[in-house]
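Notes follow once the structure below has been shown.
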Amino acid sequence: MIRVLLADDQTLVRAAFTMLIESARDMEVVGQAGTGREAVRLARSERADLVVMDLRMPDLDGIEATRLIAADEDLAGVRVLVLTTYDTDDNIVEALRAGASGFLVKDTRPAELLDAIRTVAAGEALLSPGPTARLIERFLRSPSIPVAGGPDCLSERERGVLTLVARGLNNTEIAESLGLSPLTAKTHVSRIMGKLGARDRAQLVIVAYESGLVTPGSM
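Sequential numbering of the sequence shown, starting at 1452, is according to our numbering.
Next up, the structure:
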């Protein structure tokens, strides 16, 4: 059972998401927060597996709330899926830098919301080759992720895998592209995370762009 915390300052949005999430047999809503500060508090008290986080909230915005959750060692297993209006939220990359594992468009279809929750709760980043990559390309300008080393510390194979991660490929697609087994591809991704000190695939994407391994327009 995936334990979900909803953080949004709009009561109707929270109510609609609650009804949808509770309709799924494999997840439940364990709390609702109307401010960023309340989201951090409930993440600590309710032990949620995942927080669906709006970016624009009073008291403490979604970026700072995400940063506090990601920095709390007691909440190491909590994933954050941020909400965005997509074309107007220029802060989405900052949210990824803060520790979010992906983002969700607010007008997404119900089934896509549930799939997104399952994906992020399973430890994957919600990154697609198209719109996500274009958004990262547009707003990624200055480095701010503390990493243990850049891509230079990776082997040639690992750099190839990182490039494919940055292009939005999942482990199965990486395996097919490089002629590997899915397990081997997953092992490579995990090893790259360890070498770069990245929290998840979302941060790997940002590292790849900030280092110049992948450049805007090369997708």
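Glycine included, every Cβ here is placed at the ideal spot set by N, Cα and C. As the structure is a prediction and not an experimental result, all values here were calculated from the model.
Tell me where the beta strand (DSSP E) around Thr-1535 begins and ends. One-based indexing of the sequence shown puts residue 1535 at position 84. Unbroken beta strand (DSSP E) run through Thr-1535: 1530 to 1535.
Nearer than 6 Å: is that true of the beta carbon of Val-1529 relative to any heavy atom of the ligand COA? The model on display carries no ligand, and the ligand COA is accordingly not part of it.
Just checking, does the region 1622 to 1641 make contact with the region 1517 to 1527 on the three C-beta pairs under 8 Å criterion? no
Would you call the CB atoms of Pro-1602 and Arg-1608 closer than 7 Å? By one-based count along the sequence shown, residue 1602 stands at place 151. By one-based count along the sequence shown, residue 1608 stands at place 157. Cβ atoms of Pro-1602 and Arg-1608: not closer than 7 Å.
Considering only the alpha carbon of each residue, which of Thr-1535, Asp-1500, Asp-1510, Thr-1536 lies closest to Ala-1521? Indexing the sequence shown from 1 puts residue 1521 at position 70. Considering only alpha carbons, the answer is Asp-1500.
Through-space distance from Cys-1604 to Ala-1475, alpha-carbon basis: By one-based count along the sequence shown, residue 1475 stands at place 24. By one-based count along the sequence shown, residue 1604 stands at place 153. Their backbone Cα atoms lie some 43 Å apart in a straight line.
Cβ atoms of Ile-1514 and Glu-1545: under 7 Å apart, would you say? As a first step, residue 1545 must be located in the sequence shown, where it is residue number 94. As a first step, residue 1514 must be located in the sequence shown, where it is residue number 63. Cβ atoms of Glu-1545 and Ile-1514: closer than 7 Å.
Does the separation of the CB atoms of Leu-1629 and Ala-1659 fall below 7 Å? For the purposes of this step, residue 1629 is taken as residue 178 along the sequence shown, with counting starting at 1. For the purposes of this step, residue 1659 is taken as residue 208 along the sequence shown, with counting starting at 1. No; because the gap between Cβ atoms is not below 7 Å, this pair is not in contact.
Taking Glu-1479 as the reference, give the member of Pro-1633, Asp-1558, Val-1502, Arg-1495 with the closest Cα. Walking along the sequence shown from the start, residue 1479 turns up at place 28. Out of Pro-1633, Asp-1558, Val-1502, Arg-1495, Val-1502 has the C-alpha closest to the C-alpha of Glu-1479.
Sort Asp-1512, Arg-1518, Leu-1457 by Cα distance to Ala-1551 and report the nearest one. Residue 1551 sits at position 100 when you count from the first residue of the sequence shown. Measuring from the Cα of Ala-1551, the nearest candidate turns out to be Arg-1518.
Alpha-carbon to alpha-carbon, Val-1481 and Leu-1620: On the sequence shown, position 169 is the one that residue 1620 refers to. On the sequence shown, position 30 is the one that residue 1481 refers to. Going from the Cα of Leu-1620 to the Cα of Val-1481 covers about 32 Å.
Indicate whether Ser-1571 and Leu-1532 have their beta-carbon atoms separated by less than 7 Å. Locating residue 1571 in the sequence shown gives position 120, counting from the first residue. Locating residue 1532 in the sequence shown gives position 81, counting from the first residue. Correcting the residue type first, residue 1571 is Val in the shown sequence and not Ser. Yes, they are a contact pair.
Identify whether Asp-1512 lies in helix, strand or coil by the three-state DSSP scheme. The residue you call residue 1512 lines up with position 61 of the sequence shown. Residue state, collapsed to three classes: coil.
Helix, strand or coil for Val-1502 per DSSP? As a working mapping, residue 1502 is identified with position 51 in the sequence shown. The answer is strand: DSSP assigns Val-1502 an E or B state.
What separation, rounded to the nearest whole angstrom, lies between the Cα atoms of Arg-1618 and Arg-1642? In the sequence shown, counting from the first residue as 1, residue 1618 sits at position 167. In the sequence shown, counting from the first residue as 1, residue 1642 sits at position 191. One C-alpha to the other measures close to 18 Å.
Pick from Ala-1467, Thr-1486, Ala-1494, Met-1504: whose alpha carbon is nearest that of Asp-1510? In the sequence shown, the residue the question calls residue 1510 occupies position 59. The candidate whose alpha carbon is nearest that of Asp-1510 is Thr-1486.
Three-state class that DSSP yields for Leu-1555 in the structure shown: Your numbering for residue 1555 matches position 104 in the sequence shown. Correct three-state label for Leu-1555: strand.
With burial defined as no fewer than 16 other Cβ atoms inside 10 Å of the residue's Cβ, what is the status of Thr-1535: buried or exposed? Taking the first residue of the sequence shown as 1, we reach residue 1535 at position 84. Per the 10 Å Cβ criterion, buried.
How would you write the range of the alpha helix (DSSP H) that Ala-1653 sits in, first residue to last? On the sequence shown, position 202 is the one that residue 1653 refers to. Ala-1653 -> alpha helix (DSSP H) spans 1652 to 1661.
Tell me whether Arg-1560 is buried or exposed, calling it buried when 16 or more other Cβ atoms sit within 10 Å of its Cβ. If you number the sequence shown from 1, residue 1560 lands on position 109. The residue in question, Arg-1560, is exposed, as its Cβ has fewer than 16 Cβ neighbours within 10 Å.
Less than 7 Å between the beta carbons of Asp-1459 and Asp-1505, yes or no? Sequence index remark: in the sequence shown, residue 1459 carries index 8 (1-based). Sequence index remark: in the sequence shown, residue 1505 carries index 54 (1-based). Taking 7 Å as the Cβ cut-off, Asp-1459 and Asp-1505 qualify as a contacting pair.
Could you check what DSSP says for Glu-1575 in three-state terms: helix, strand or coil? Working through the sequence shown from its first residue, we reach residue 1575 at position 124. In the structure shown, Glu-1575 sits in coil (DSSP, three-state: anything other than H, G, I, E or B).
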